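Beneath this line is the structure, given in structure tokens, with notes to follow.
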Amino acid sequence: MPLPNDEKLIALSEALIAKFQAIFGAYPGIRPAHAKGILLKGEFTPAPGASALSRAPHFANPSTPVTVRFSNSTGVPVIPDNDPNANPRGIAVRFHLGERVHTDIIAHSTDGFPTHTGEEFLEFLTAIASSAPGAPSPTPVEAFVGSHPAALAFVQTPKPAPVSFATEGYFGVTAMEFLNAEGGSQFIRYQISPEAGLDHLDDEATKAKEPNYLFDEIAARVKSAPVVFKVKAQLAGVGEVVDNATIHWAADSKIADLGTITLTSLVEEDAAEQKHTIFDPIPRVDGIEPSNDPLLELRAAIYLISGRRRRSA
Numbered sequence: 000m001p002l003p004n005d006e007k008l009i010a011l012s013e014a015l016i017a018k019f020q021a022i023f024g025a026y027p028g029i030r031p032a033h034a035k036g037i038l039l040k041g042e043f044t045p046a047p048g049a050s051a052l053s054r055a056p057h058f059a060n061p062s063t064p065v066t067v068r069f070s071n072s073t074g075v076p077v078i079p080d081n082d083p084n085a086n087p088r089g090i091a092v093r094f095h096l097g098e099r100v101h102t103d104i105i106a107h108s109t110d111g112f113p114t115h116t117g118e119e120f121l122e123f124l125t126a127i128a129s130s131a132p133g134a135p136s137p138t139p140v141e142a143f144v145g146s147h148p149a150a151l152a153f154v155q156t157p158k159p160a161p162v163s164f165a166t167e168g169y170f171g172v173t174a175m176e177f178l179n180a181e182g183g184s185q186f187i188r189y190q191i192s193p194e195a196g197l198d199h200l201d202d203e204a205t206k207a208k209e210p211n212y213l214f215d216e217i218a219a220r221v222k223s224a225p226v227v228f229k230v231k232a233q234l235a236g237v238g239e240v241v242d243n244a245t246i247h248w249a250a251d252s253k254i255a256d257l258g259t260i261t262l263t264s265l266v267e268e269d270a271a272e273q274k275h276t277i278f279d280p281i282p283r284v285d286g287i288e289p290s291n292d293p294l295l296e297l298r299a300a301i302y303l304i305s306g307r308r309r310r311s312a
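Quick note on numbering that gives the first Met the number 0: the sequence shown kicks off at 0 and runs consecutively.
What follows is the structure, given as structure tokens:
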């Protein structure tokens with residue numbers, strides 16, 4: 000993954016990383032966001048109709064090895080799993096297509112994003128950093144969400160804690176363009192749904208959980224039985240906005256089945272692998288193109304810059 004040569008993009012990326020560290024603290028060798036995570040491995044099996052939507056190799060091959068990282072939100076590597084700030088949960092899926100060849104899906108458990116652009120997101124984080132507990136109201140973050148309806152909607156979206164990473168649903172909020180063998184095009188947003196079904200805790204049950212309950216549970220679960228997810232594509236209808244993660248598509252959008260992820264074990268040398276692995280929001284594979292959503296190039300730059308720092312720490 001090459002570092003972009005856009006100096007403005009790099010400067011914005013570095014400013015966002017610095018702001019994450021100002022809010023959560025700096026932890027060398029650890030991600031600045033979604034710091035607490037765990038890696039599992041298994042395989043992806045495509046659905047029969049997936050290759051008609053995209054000519055990407057993992058939709059045509061009989062199966063593809065995958066690595067999946069589940070994570071809590073924030074840049075705090077020891078955040079308790081039952082802390083409300085640990086939501087939304089994250090998932091990153093790496094499809095291993097060959098030697099040093101891969102493509103990724105990155106998603107989280109809230110369907111949406113608080114801002115359209117990286118500049119707005121930096122304003123949002125700056126407002127959070129400036130809103131100390133006990134500050135007079137309206138605090139900077141209250142003022143920000145009060146003037147940014149998408150951020151207010153994101154903040155107010157219910158984010159209950161899951162019973163397990165395996166009972167949570169995840170959403171790829173930035174659109175991708177699928178290209179099939181005939182040259183057909185279809186914009187999509189990924190959805191990753193648990194075969195075990197959605198299952199969440201109420202506030203009282205969450206408070207009663209142990210600080211590491213999600214990580215302990217998923218480690219025990221995968222040792223006893225496979226953890227299975229369906230990968231789906233929400234298909235953009237005519238006229239849908241495909242370059243703005245704050246705008247939801249129609250509730251009755253068609254959903255296409257892309258295949259099944261079956262996780263069968265933990266990744267060995269988890270800490271070393273997490274430090275080394277740099278996920279990529281941009282697909283970089285024939286058959287899937289990024290949309291023009293401005294968050295994509297920015298997220299890719301942030302992941303790469305922070306990943307290189309993590310590796311060298």
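Positions of the beta carbon are idealized from the N, C-alpha and C atoms, including for glycine.
Bear in mind that the values here come from a model prediction, so they are computed numbers and not experimental data.
- In this model, residue 214 and residue 278 are separated by some 20 angstroms (Cα to Cα).
- The beta carbon of residue 115 lies closer than 6 angstroms to those of 243, 245 in the same chain, with the five residues before and after it left out.
- The Cβ-Cβ distance between residue 290 and residue 186 falls below 8 angstroms.
- In this structure, residue 286 places its C-beta atom within 8 angstroms of the C-beta atom of residue 178.
- For residue 231, the enclosing beta strand (DSSP E) starts and ends at 226-234.
- A straight line joining the alpha-carbon of residue 309 with that of residue 2 spans about 15 angstroms.
- According to the DSSP assignment, residue 192 belongs to no alpha helix (DSSP H) but to the beta strand (DSSP E) extending over 184-193.
- Exclusion of the five residues before and after residue 127 leaves 22, 140 as the residues of its chain whose Cβ lies within less than 7 angstroms of its Cβ.
- The shortest CA-to-CA distance from residue 233 to any of 253, 222, 247 is the one to 253.
- In the three-state scheme derived from DSSP, where H, G and I count as helix and E and B as strand, residue 281 is classed as coil.
- Under the three-state reduction of DSSP output, residue 25 falls in the coil class, being neither helix nor strand.
- For residue 165, the closest alpha carbon among the candidates 76, 70, 296 is that of 70.
- Annotation for residue 275: the continuous alpha helix (DSSP H) segment containing it runs 269-275.
- Along the stretch 150-184, the beta strand (DSSP E) occurs as fully enclosed runs of 3 or more residues at 175-178, listed in sequence order.
- Within the same chain, 58, 257, 258 come within 6 angstroms of residue 49 by CB-CB distance, once the 5 residues on both sides are set aside.
- Here residue 130 has 138, 139, 140, 141 as same chain residues with Cβ atoms under 8 angstroms from its own Cβ, once five neighbours each way along the sequence are excluded.
- Annotated three-state conformation of residue 199 is strand, per DSSP.
- The alpha helix (DSSP H) runs of length 4 or more contained entirely in the stretch 87-163 are, from start to end of the chain, 117-128, 139-146, 148-155.
- For residue 239, no alpha helix (DSSP H) run applies, since DSSP gives it neither H nor E.
- Counting C-beta pairs closer than 8 angstroms gives fewer than three between the stretch 187-205 and the stretch 264-284, which falls short of the contact rule.
- Inter-residue distance for residue 273 and residue 150 is about 30 angstroms (C-alpha atoms, whole angstroms).
- Annotated three-state conformation of residue 250 is coil, per DSSP.
- Between the alpha carbons of residue 106 and residue 99 lies a gap of roughly 22 angstroms.
- Within the DSSP bridge table, the entry for residue 36 names 70 as partners.
- Annotation: the continuous alpha helix (DSSP H) that includes residue 296 extends over 293-311.
- In this structure, the beta-carbon distance from residue 76 to residue 16 does not fall below 8 angstroms.
- For residue 86, same chain residues with a beta-carbon under 7 angstroms away, outside a window of 5 residues either side, are 72, 108, 158, 160 in chain order.
- By the criterion of a C-beta distance shorter than 8 angstroms, residue 79 is surrounded in its chain by 85, 210, 211, once the five residues flanking it on both sides are discounted.
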